[in-house]
Every structure is written in structure tokens, then in C-alpha cells.
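Asker: Would you mind keeping the following structure in view while I ask a few things?
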Amino acid sequence: MKHLYVTDMDGTLLGRDSRVSSRSAEIISRLSKSGVPVTVATARTPATVEMLLEDTYINIPAIVMTGAAMWDRVSQRYMDVMYPEADAAWRVMCCCREHGVNPFVYVLRDNTMLEVYHNGRMNSREWKFYEERCGLTRKRFIFDDPHAYEEPLAGTVLIFAVGEGRAIESVAAVLMADGRLSVSSYRDIFNPDVAYLEVFAAGVSKAAAIGKLARQIGADTVTVYGDNLNDLSMFAVADDAVAVDNAMPGVMEKADRRIGANYEDAVALDMAMCARAEGFRV
5 MKHLYVTDMD GTLLGRDSRV SSRSAEIISR LSKSGVPVTV ATARTPATVE MLLEDTYINI
65 PAIVMTGAAM WDRVSQRYMD VMYPEADAAW RVMCCCREHG VNPFVYVLRD NTMLEVYHNG
125 RMNSREWKFY EERCGLTRKR FIFDDPHAYE EPLAGTVLIF AVGEGRAIES VAAVLMADGR
185 LSVSSYRDIF NPDVAYLEVF AAGVSKAAAI GKLARQIGAD TVTVYGDNLN DLSMFAVADD
245 AVAVDNAMPG VMEKADRRIG ANYEDAVALD MAMCARAEGF RV
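The number in the working numbering is simply the position in the sequence shown, starting from 1, with 4 added.
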């Protein structure tokens, strides 16, 4: 039997400093080199995944962008990318424009580089979002391109927006009725007047990507680790759903078991314990 281990990053594998500790990096690298299939499933793009896993070796692709794609760290290329239909993506842009929302449009080029388009004056939240990402490799921002909002751009993977809560939620309410799209909207935990919107192709989720990856590598059993409500789809398809001690109450309720907190290297230590029980010498 092959046992696949998948962990969320923020709040789960990453510690309080939003980094992978040297101890966790060493344990996961050792597991991977011993043949244990270990990977991450995250909403992040490879631009930050590569930076955070710089000292961590994993032997199978990473699940990125909430499952819209996988990232092969060896070839440095995107794999199994899910694109929304062109007319569905165009509907998103029209709906955003009708509600005064200027989204970031993520376009994949040559399976290696993300181009992120934005038109119009940025609000403070959009500017902060840009500033935190503008220096990253594998991601390039392009502003005020006259074609970006006029027609669906080939290679669009994600349409993301941040702004006034009511406007964002109005857009989400309209788009959620479109069966060609996967739509999520949520309020900022620090400022409830601000909301976020993420739009992918229909069927995009961490859970779907985990199922696809498990089939690709021939895994019979899957253990997942998470902390937040967006990890519950993973829990639903896992044989072993594990919540870290700092997880939200709703995640705790759905977990099969509970381990230590993210800042205690709990995920890596639990993976090692399970691998040893299966006979791996790690």
C-alpha cells in the first residue's frame, strides 16, 4: 500500500513566522528521500511556495492555487492546470465591472510564469496585496493593459479581487449561480468591511487535486493536515483527517484526530511517526 501525506501550509505546516522551521524541513526532506510521498496543498502560487520550501525536499508535485494546478519543483513547470471557459471568465469580468470591482487576472504563460493583470486605480488593500508580491520571481504584474479587461485573456487561471465587502459579495452572489465556475468569497478577519473574491474553473478544489494526485502516484490511503475552513474539502476525501491544535473549532469537529500546534513541528513529527509505523526507516 502507498500512503500519501498532504499538508496545508499557512497555519498548519508554517509556524508563527509563516516559515517552515528547519526541523520540519529536515524531517520532511528525510521522509521524501526515503520514498514517503509527501506534498503540500495551498492557495499560494509557486512564487511563494518555492521560496517557503527552499530548504524542504518533496518528491511529488505540489498542489497550488487551491487545486487549480500542480507545480513540479524539478522541472519548475505547472501541471494539470484547470482553466475556466472563456465566456465564463468574460462573465466574471463583466460582473466585476458592473459592481465597481477591479480584479487581478492571473494568466499562465508557457506553464512557467504567471502574469497578473490589473486595470484602474488600486485601493489601499489592492496596493498592499501588490506590494507584498511585486518582488517575487515566477510572477509579473502588468497594469492598465487596454486588452486585459476587454476580452478573456487566453491562459486565465484565477480572477481575484479584494475590496469593499458588500460589492465583493454582490459579485460572488451572481457568479455562484454559474455552474461553470468555482467561486469563494470571505471577509477579512482583521477588517470585516473588506472582502475577498476568488474565481476558478468549475471543479477546482484541494480535494479534487488530492484525488487526482493520489491516482497518479497509485496511493491507496491519504492523510491530510489542516487548520482552516477551506481545508474541510480535503478532510472529506481523506482516510485520515488531522487538525493541528491551533485549528478553528469547525475544523476540529471534522477531524479524525488532533495533533500539536503548527509552531511545534507537529505535522512533520506526525508524518514521521506514521511512516515508521508503516515500516519506513526514517
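C-beta atoms are modelled at their ideal positions from N, C-alpha and C, and glycine is treated no differently. Please read these numbers as outputs of a predicted model, since none were measured by experiment.
Going by beta-carbon coordinates alone, are residue 23 and residue 56 separated by less than 9 Å?
Answerer: Reading the sequence shown from its first residue, position 19 is the one you call residue 23. Reading the sequence shown from its first residue, position 52 is the one you call residue 56. Going by C-beta atoms, residue 23 is nearer than 9 Å to residue 56.
Asker: Out of 93, 85, 124, point me to the one whose CA is closest to residue 112's CA.
Answerer: Counting from 1 along the sequence shown, the entry for residue 112 is found at position 108. For residue 112, the nearest C-alpha among the options comes from 85.
Asker: Is DSSP giving residue 71 helix, strand or coil here?
Answerer: Locating residue 71 in the sequence shown gives position 67, counting from the first residue. In this structure, residue 71 counts as helix in the three-state DSSP scheme.
Asker: Across which residues does DSSP place residue 163 in a beta bridge pair?
Answerer: The count along the sequence shown starts at 1 and reaches residue 163 at position 159. DSSP, once it has assigned bridges, lists 109, 203 as partnering residue 163.
Asker: Would you kindly check if the distance between the Cβ of residue 205 and the Cβ of residue 92 is under 9 Å?
Answerer: Counting from 1 along the sequence shown, the entry for residue 92 is found at position 88. Counting from 1 along the sequence shown, the entry for residue 205 is found at position 201. Residue 205 sits close to residue 92, with the two beta carbons spaced by under 9 Å.
Asker: CB residue 285 to CB residue 38, shorter than 9 Å?
Answerer: Translated into the one-based positions of the sequence shown, residue 285 becomes position 281. Translated into the one-based positions of the sequence shown, residue 38 becomes position 34. Remark: C-beta atoms of residue 285 and residue 38 approach each other more closely than 9 Å.
Asker: Would you mind listing the alpha helix (DSSP H) stretches within the region 36-92 that are 4+ residues and don't spill past its ends, in chain order?
Answerer: 50-56
Asker: In angstroms with no decimal places, state the Cα-to-Cα distance between residue 177 and residue 69.
Answerer: As a position in the sequence shown, residue 177 is number 173, starting the count at 1. As a position in the sequence shown, residue 69 is number 65, starting the count at 1. A direct Cα-to-Cα measurement between residue 177 and residue 69 gives close to 22 Å.
Asker: What are the boundary residues of the alpha helix (DSSP H) that includes residue 3?
Answerer: Examination of residue 3 is not possible in this model, given that the chain is present from 5 through 286 alone.
Asker: Mind checking residue 227: buried by the 16 CB within 10 Å criterion, or exposed?
Answerer: If you number the sequence shown from 1, residue 227 lands on position 223. Residue 227 should be labelled buried.
Asker: Rounded to the nearest angstrom, what separates residue 32 and residue 126 at their Cα positions?
Answerer: As a working mapping, residue 32 is identified with position 28 in the sequence shown. As a working mapping, residue 126 is identified with position 122 in the sequence shown. Answer to the nearest angstrom: the Cα atoms are 40 Å apart.
Asker: For residue 143, report the span of its beta strand (DSSP E) as first-last.
Answerer: Position 139 of the sequence shown, counted from the start, is the residue given in the question as residue 143. Segment 143-147, the beta strand (DSSP E) holding residue 143.
Asker: Compare the C-alpha of residue 143 against each of 20, 48, 181, 187 and name the closest.
Answerer: Here residue 143 refers to the residue found at position 139 of the sequence shown. Of 20, 48, 181, 187, the residue nearest in Cα terms is 48.
Asker: My understanding is that residue 222 touches residue 6, with C-beta atoms under 8 Å, so please give their C-beta distance in whole angstroms.
Answerer: Working through the sequence shown from its first residue, we reach residue 222 at position 218. Working through the sequence shown from its first residue, we reach residue 6 at position 2. Rounded, the Cβ-Cβ distance is 6 Å, consistent with contact.
Asker: Would you check if the distance between the CB atom of residue 235 and the CB atom of residue 16 is smaller than 9 Å?
Answerer: Numbered from its first residue, the sequence shown carries residue 235 at position 231. Numbered from its first residue, the sequence shown carries residue 16 at position 12. Yes, they are a contact pair.
Asker: Alpha carbon to alpha carbon, how far is residue 95 from residue 272?
Answerer: As a first step, residue 95 must be located in the sequence shown, where it is residue number 91. As a first step, residue 272 must be located in the sequence shown, where it is residue number 268. Taking the Cα positions, residue 95 is about 43 Å away from residue 272.
Asker: Relative to the C-alpha of residue 200, which residue among 108, 145, 262 is closest?
Answerer: Indexing the sequence shown from 1 puts residue 200 at position 196. Out of 108, 145, 262, 108 has the C-alpha closest to the C-alpha of residue 200.
Asker: According to the Cβ coordinates, are residue 251 and residue 231 closer than 9 Å?
Answerer: Here residue 251 corresponds to residue number 247 of the sequence shown, with the count starting at 1. Here residue 231 corresponds to residue number 227 of the sequence shown, with the count starting at 1. Yes, these two residues count as a Cβ contact at 9 Å.
Asker: In the DSSP assignment, what are the bridge partners of residue 18?
Answerer: Sequence index remark: in the sequence shown, residue 18 carries index 14 (1-based). Residue pairing for residue 18: DSSP places it in no beta bridge.
Asker: Sorted by chain position, which residues of the same chain lie with C-beta nearer than 6 Å to residue 244's C-beta, five sequence neighbours on each side aside?
Answerer: Start at 1 with the first residue of the sequence shown, and residue 244 comes out as number 240. Closer than 6 Å at the Cβ level, and outside the excluded window around residue 244, lie 227, 260.
Asker: For residue 168, write down the residues that DSSP places opposite it in a beta bridge.
Answerer: Taking the sequence shown and counting its residues from 1, one reaches residue 168 at position 164. Paired residue(s): 198.
Asker: Beta strand (DSSP E) containing residue 25: first to last residue?
Answerer: For this step, residue 25 is matched to residue 21 along the sequence shown. Neither: residue 25 is in no beta strand (DSSP E) and is coded neither H nor E.
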